[in-house]
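Residue numbers (the UniProt record's numbering): 1 to 417. Worksheet: the structure to be examined is printed underneath.
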């Protein structure tokens, strides 16, 4: 990452402008490590995964029935000469006029090209000379119910691209290819603390002017979802010396420093001032609601990124999702991620203000025509965590709009489960 910093400082930045400026500073991905298959969930691939085999490995039956060479309705009765089972194939060539019982997934015997499900067949004969008849030949198509070798993934083809965050289905695919491990990017270490004399740890008595530290635990959850290693530094009082010292120490060990509170214009907001003393402040005001007092800077000789999030709980989470999340995904090498955005029809009026981006907490649903509709969760105070709990999306109102009328289209950001 370039240790330089864009010169915006005191100016109020638009959301798109700030996001574009941050993208120019995105770091190179973390180094890689090799981990066993069972430890790969949620990690980001560092190298392409190529298939060492055809998947499926053999041309095989898609269902239970009989395998035969189909030449048309001229022959409607076939002698059964054996069986092909999953894990135990029928060896040898199946001659014309003969058939083999076959189970789902069993290799197709040589000489056969078609599988007919057993429900469409009539069986007869005794154990010494069994046969099968086809009462409805017009329903049979040559090559039906056959899965070709390599039709899912051909040997040597890229199965999963580098930069993919691995989900459960990826683990299944890796296992199906015989991979017992894979190279993934290391987890970034994020130093996290809250600031404020009023902030109280959960479980402790709450003094008359205090608030419980909701932000740190909301952020811990978001960081865990993104696969980060968190260095939890607890709560720091509003004292310039302690905040500056904490920033310097955190920057010496972490790949990112993340705080909440202490970045607005209040006289007791020390984080912004401490950042000036131990690094470089790049910007600290964004034209958005909630989340306007968002500080970003670079700390120390390593130019460790610092994000100072607002103190209001909803504002902290919204700012994290818009700015911190993309940085952390880039740091882990997740190249194919984009902020999810969909269009939805507003079911109620939304107020906004031109010149800033508003993020309302919303609930979206689909109608019977496949269209998305969205409504707000109700009151939208930046300290009301219940609005985030009730929501399944953010309603993003463009800075060019002063209001949204019912029936108009808006952009939503669905929460990722």
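Backbone N, C-alpha and C fix where the C-beta goes; we use that ideal spot for every residue, glycine too.
Under the DSSP definition of a beta bridge, residue 131 partners with 79, 124. According to the DSSP secondary-structure assignment, residue 309 is paired through a beta bridge with 260. Per DSSP, residue 343 is one residue of the beta strand (DSSP E) stretching across 342-346.
The residue from 238, 42, 255 with its alpha-carbon nearest to that of residue 263 is 238. As DSSP reads the structure, residue 393 sits in a beta bridge with 362, 414. Per DSSP, residue 67 is one residue of the beta strand (DSSP E) stretching across 65-68. In its chain, beyond the 5 residues on either side, 230 have a beta carbon closer than 8 Å to the beta carbon of residue 224.
Contact annotation: the stretch 209-223 does not touch the stretch 67-87, with fewer than three C-beta pairs closer than 8 Å. The C-beta of residue 348 has fewer than 16 other C-beta atoms within 10 Å across all chains shown, which makes the residue exposed. In the structure shown, residue 314 adopts helical secondary structure according to DSSP, grouped into three states.
For residue 306 against residue 320, the beta-carbon gap comes to about 14 Å, at or over 8 Å, which does not count as contact. Annotated three-state conformation of residue 91 is coil, per DSSP. The beta strand (DSSP E) runs of length 3 or more contained entirely in the stretch 168-213 are, from start to end of the chain, 181-185, 189-195. Counting only the Cα atoms, residue 87 lies some 30 Å from residue 72. Distance from the CA of residue 282 to the CA of residue 404, rounded to the nearest whole angstrom, comes to 33 Å.
In this structure, the beta-carbon distance from residue 64 to residue 30 does not fall below 8 Å.
If you check the CB distance, residue 161 and residue 227 do not come in under 8 Å.
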